[in-house]
Amino acid sequence: MPDCRFPFEKYPVVTLAHGAGGRFTQQLIDDVFTAALTEVQKDHDGALLRLEVGASERLVMSTDSYVVKPLFFPGGNIASLAVTGTCNDLAMCGAEPGELSCAWIIEEGFATESLYRLAVSMAETAAEVGARLVTGDTKVVERGHGDGVYLNVTGVGVRRLVCEPGLIRAGDSIIVSGDIGRHGCAIMTQRQDLQLQSPLASDCAHLWPQVEDLLPLSENIHCLRDLTRGGLATALSELSQSSKLQMTIETERVPVSESVSSVCELLGLDPLYTANEGRMVILCSPQAETEVLRILDSGAAVIGRVEEGQGIVATGAFGVDRVLDRLSGEQLPRIC
Amino acid sequence: MQYLDEFRDPLLARVVLDRIAELVSRPWVLMEVCGGQTHSLIRYGIDQLIPPEIELIHGPGCPVCVTPIECVDEAIMLASQDGIILTTFADMLRVPGSKTDLLATRAGAAEVRTVYSPLDALKIAQENPERQVVFFAVGFETTVTANAMSVLQAEAQGVDNFSLLLSQVTVPPAIAAIAGSPDNRVQAFLAAGHVCTVMGYWQYETLANQLGVPIVIAGFEPLDLLLAIEAAIRQLEQAQAQVENQYSRCVSLQGNIRAQQLIRQVFREAGQTWRGLGELAASGLVLQADYIKFDARWRFKLTPKPAVPTQECRAGEVLTGRLKPVDCPHFGNRCNPQSPMGATMVSAEGACAAYFNYRQPADVISA
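For the record, the sequence lines run as chains L and R. For the first sequence, our numbering gives the first residue as 1, with consecutive numbering after it. For the second sequence, our numbering gives the first residue as 1001, with consecutive numbering after it.
Rendered as structure tokens:
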């Protein structure tokens, strides 16, 4: 943690006065944000970017907002999730995460100590991947009008790998970078109304390091997609729609940990639709398959192939095909 | 997962499938009662792997699906009142009432909270003494025990702002109604293993005798279901009509005696309306007179509303096995999980949702 110790005793919670734009706002920014986020350029209305872009290079920009509940969960918190989420979106476009902005919507009454912990975690998570938080904004909303903290993180980065749904070809291998469903299950088990004893932690993590390792295979990597809300099935469904090709998978080859299958079993959820925050699918030429698996960690697996057609066809343990669709709304745990 | 993976073993499944194929000499119609079984059958494609002579009809054992519309309307009405927190299992949220559903009601500022147990609802009541907390107690014998426990705890702890909006149903009267209906096609039943874990299967002995149909207590894993199908076919081929327990790793003849005592202490049998089946005598469980103050209908003086006709949704025919989900003209067109016309498309255990999730024709997804 940075040296600055936050004067929690002076104001233990955020008040509406901290959002009024005056002295208190400045105090909150100084005590929390500038203290934790040391790279923020605070003396001006915007930040000068230090990214250097070559003539043949392209910049990628992505934005995402975060409203996760609970704010702190095993394996991460809303701030680490916001940074990895936006950086992962950049990484999926083949871009190295460079510079980030953050916008905080804080509910009146939120503990300043928690706010400081989140800001520190945000800085640490960005540093993990060499990204810099260079500008930000805070707003305070009345009690009852937010859920503690909402966050938006926007990022820019330089593209190092050209990969997009248009490059997917029939015959491509579908590889998932690790076991699925951890984030969704970790969140589910933490929600206040469900007290399960579970060792599960979110998989919340940066994907750029893995993408960077794959750069030598760039010719053969056709598309990357991170698995977020909606899970593997929804990601494949989106890829099928944009590439106008069919994703054929064997559900038995999809890696799912024992804990995730148990939680899903208990709640009547399907791991294929359960959220992830540190996993991606890689669509690559079949000849690159072995090399991709070697580069990724041991949890990665080839789960299927791209074929002519449309939609997702999943072959189950008993050899019967089923069609997978996108999730409608959220997965609802069942009664019995 | 130990005790689960063994019951999903494709090689063992093949062995049982071969045995079933050898047994079958003519067409038979079986009904799996429970929605969880329907999902497992469709998910693993068992309906496609068994011999074509065997037809599976999907029964009314999904608590969400058989809850009548007027009961959903009561929940919405209570949730919309100031000072009331309505608590419910999550899969009731999207079930359409006659005008709207609980999810939309919640978006409109009513306080609707999802819980995993009625005991969580009781806790909410204790934490909000100035509010009335109503639990939407929907379910079969499996969930009734927890409902009974919540009433006993509320009584013991003097929680007077907690009540239940009841739509509790029991399986045996539904089996009797289906088997006894003039257009019945079902020749054997696969009974719901979870319900029998609580209730035992002693109730089913008389039922099988009276109705003259085999009743096989079945689990939920593919192997459980295949073994139960095999047992039912064997009985049918040998012209037997007995109760057979194929889920013996969970179910005993007597069931959970303590749970049954709790249920009888708190609830009594009463007539109950089922979506699709109509009013069935002694098929519901309502509060005993001693606990009537925990009845939300009593507490909020709700007057019974006339049954709402199920409009164009043909869930009633689906729940009684007279219509396959894919044969419904609305399936996948006007009716899908985004805009369900009835509960069978909403609930994780609904027959229509099972077909939509696992068996939709290619032209439906591309639409």
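Even for Gly, the Cβ is constructed at its ideal location relative to N, Cα and C.
| query | result |
| --- | --- |
| Beta-carbon contacts of L/His183 that lie in its chain and below 7 Å, excluding the five residues immediately before and after | Ser202, Asp203, Cys204, Ala275, Asn276 and Glu277 |
| Option nearest R/Asn1161 by Cα separation, candidates R/Ser1181, R/Ala1281 and R/Ala1125 | R/Ala1125 |
| Closer than 8 Å to chain R by CB, L/Glu107 | no |
| At least three beta-carbon pairs within less than 8 Å, the segment 292–303 of chain L to the segment 84–95 of chain L | no |
| Helix, strand or coil at L/Glu307 according to DSSP, with G and I counted as helix | strand |
| Cut-off 8 Å between Cβ atoms - residues of its own chain near L/Val162, not counting five sequence neighbours on either side | Gly94 and Ser218 |
| First and last residue of the uninterrupted alpha helix (DSSP H) at R/Met1149 | Glu1141 to Ala1156 |
| Beta-carbon proximity check, L/Val153 vs L/Leu100, cutoff 8 Å | yes |
| Which of helix, strand or coil DSSP assigns to R/Arg1094 | coil |
| Whole runs of the alpha helix (DSSP H) within the segment 1239–1276 of chain R, excluding any shorter than 4 residues | 1257–1266 |
| Between the CA atoms of R/Gly1284 and R/Val1326 - distance to the nearest angstrom | 30 Å |
| Within chain R, partners of L/Val320 - CB distance below 7 Å | Tyr1044, Gly1045, Gln1048 and Leu1049 |
| Neighbour list for R/Arg1008 in chain L, Cβ cutoff strictly below 9 Å | Ala317 and Phe318 |
| Residues of the segment 1343–1360 of chain R whose Cβ lies closer than 8 Å to any Cβ of chain A, in chain order | Reference to chain A is not applicable here, since the protein chains of this structure are L and R. |
| For R/Asn1357 and R/Val1364, the rounded distance between their alpha carbons | Residue confidence is low: R/Val1364 scores 45 on pLDDT, short of 50, so the model does not pin down where it sits. Its coordinate-derived value is still stated next. In a straight line, the C-alpha of R/Val1364 is about 11 Å away from that of R/Asn1357. |
| Contacts that L/Gly268 makes with chain R (C-beta to C-beta distance below 7 Å) | Ala1348 |
| Member of L/Arg58, L/Glu9, L/Ser237 and L/Leu269 whose CA lies at the smallest distance from the CA of L/Gly181 | L/Leu269 |
| DSSP-derived helix/strand/coil call for L/Met61 | strand |
| Buried versus exposed, by CB contacts within 10 Å (16 or more), L/Glu57 | exposed |
| Own chain partners of R/Gln1235 with C-beta closer than 6 Å, once the 5 adjacent residues on each side are dropped | Pro1214 |
| Cβ neighbour criterion (16 or more within 10 Å) applied to R/Lys1301 | exposed |
| Nearest residue (CA-CA) to R/Pro1052, options R/Glu1022, R/Val1066 and R/Thr1303 | R/Glu1022 |
| Chain R residues whose Cβ lies nearer than 9 Å to that of L/Asp64 | Ordered by position in chain R, no residue passes the 9 Å Cβ test against L/Asp64, which lies about 23 Å from the chain. |
| C-beta atoms of L/Ser173 and L/Met280 nearer than 8 Å | no |
| Own chain residues within Cβ distance below 6 Å of L/Gln192, not counting five before or after | Note that L/Gln192 has pLDDT 48, beneath the 50 cutoff, so the model's placement of it is unreliable and the number below is only indicative. Closer than 6 Å at the Cβ level, and outside the excluded window around L/Gln192, lies no residue. |
| Residues from the segment 242–268 of chain L in contact with chain R, defined by Cβ distance under 8 Å | Glu258, Ser261, Ser262, Glu265 and Gly268 |
| Beta bridge counterpart(s) of L/Asp137 as assigned by DSSP | L/Ala103 |
| Same chain only: Cβ atoms within 8 Å of R/Gly1316, ignoring 5 sequence neighbours per side | Arg1275, Gly1276, Leu1277 and Thr1310 |
| Bridge partner(s) assigned by DSSP for R/Gly1085 | Sequence check: residue 1085 of chain R is Ile here, not Gly. R/Glu1111 and R/Val1133, per the DSSP bridge assignment. |
| Below-8 Å beta-carbon distance, L/Asp179 vs any chain R residue | no |
| Environment of L/Val260 [buried if 16+ CB atoms lie within 10 Å] | buried |
| 9 Å Cβ cut-off: residues of chain L touching R/Pro1222 | Ala317 and Phe318 |
| Neighbouring residues, chain L, relative to R/Ala1013 (Cβ below 9 Å) | Ala317 and Phe318 |
| C-beta atoms of R/Leu1165 and R/Arg1297 nearer than 8 Å | yes |
| Residue from L/Val60, L/Asn77, L/Ala111 and L/Val313 with nearest C-alpha to L/Cys87 | L/Val60 |
| Nearest-angstrom Cα separation, counted from L/Pro255 out to L/Ser298 | 11 Å |
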